[in-house]
Amino acid sequence: MSTRSFHFTWAPLAAALALVACDGGPLPGSDGGPTRDAALVDGGGLLDAGASRDAGQDSGAGDVDAGALLCADAVCDPRSADGCTEGACVLWGEAAACQSEPGSQSLGSECTEPGACAPGLACFRDGERGVCARICCPGDGSACSDGASCGGSGELVDGSSTSWGRCLARRTCDVLDPAGTCEPREGCYIVDGAGTTECRVAGSADAGEACEEQQDCQSGFFCGGVGSKRCVRICELGAGECPEGRCMAQAHSPSGTGFCTLDMMTARMR
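Per our numbering, the very first residue in the sequence shown carries number -5; after that it's consecutive.
In structure tokens form, the structure reads like this:
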């Protein structure tokens, strides 16, 4: 199941910042309370890429972090029951291989070894136990259905780490505390114009770096803008977390949060 992206404009915010640049007055809604004056429209709008974690970091158009992890090449595809002349493709650690006698345990059942589950499934670690779950690739959630998305830590019951994921029901989360809901390797992302959040496998793009999808950015960032989109830091209103600029809420900011912005002159220079 593919993830959807959305576009927005910060034009009203840009106008407010322009006035501030002229008179030096305080920023409306900055680090104090939500300023929900930004309309969401197709086509996007102005986005300040936000403050870099490293002072003086060049936030030019740099390499795009695809965010979507590439699952390891193997002799067969563990998501499919086909591809082996005998038996089925089984995920053992990072590598998948044909196994003449694949497991038979069903979706959702407890398991104790990676190869115990039926074709298309693997025994993933779920807390202190193993559970048979559908295998998917974080970069392509097409194996998931019924509203599920591809996520999870990718760890198998025996402790093996993989770049694969498992189909999970969509989980809302706290963008300021993703570990409260999301699994290791995942981050919490804003996924629509209503401020809905969701756990997704996290990318590595930092503040000001180019992105295409929300999960291309590190956890705690938002991907947006017009044309070349960039990662902007999510912040807690009133907490003074932004290395530069201010924390200002937008129409799609979850309650109590905003984005780190630079002053309007800096934003125009990007």
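Positions of the beta carbon are idealized from the N, C-alpha and C atoms, including for glycine. The structure displayed is predicted, hence computed values, not measured ones.
In the assembly as shown, Glu180 is a buried residue. Its beta-carbon has 16 or more other beta-carbons within 10 Å.
Every beta strand (DSSP E) stretch that sits fully inside the stretch 152 to 220 and reaches 3 residues is listed by chain position as 159 to 162, 180 to 184, 191 to 195, 215 to 218. By the Cβ criterion, the stretch 130 to 150 is not in contact with the stretch 166 to 174, since fewer than three pairs of Cβ atoms, one from each stretch, lie closer than 8 Å. Distances from the alpha-carbon of Arg240 to those of Thr255, Thr251, Gly250 put Thr255 closest. With contacts defined as CB atoms closer than 7 Å, Cys161 and Arg128 qualify as a contacting pair. DSSP assignment within the stretch 85 to 149 yields the following whole beta strand (DSSP E) runs of 3 residues or more, N-terminal first: 89 to 93, 115 to 120, 123 to 130, 143 to 145. Closest option to Cys225, judged by alpha-carbon separation, among Ser198, Ser103, Gly81, Glu238: Ser198. The bridge partners DSSP lists for Thr79 come to none. Secondary structure of Arg73 (DSSP, three-state): coil.
Pairing Gly124 with Cys105 gives a Cβ-Cβ distance under 7 Å. A residue is called buried when at least 16 other Cβ atoms come within 10 angstroms of its Cβ; Gly141 does not meet this threshold and is exposed.
Taken through DSSP and simplified to helix, strand or coil, Cys229 comes out as strand.
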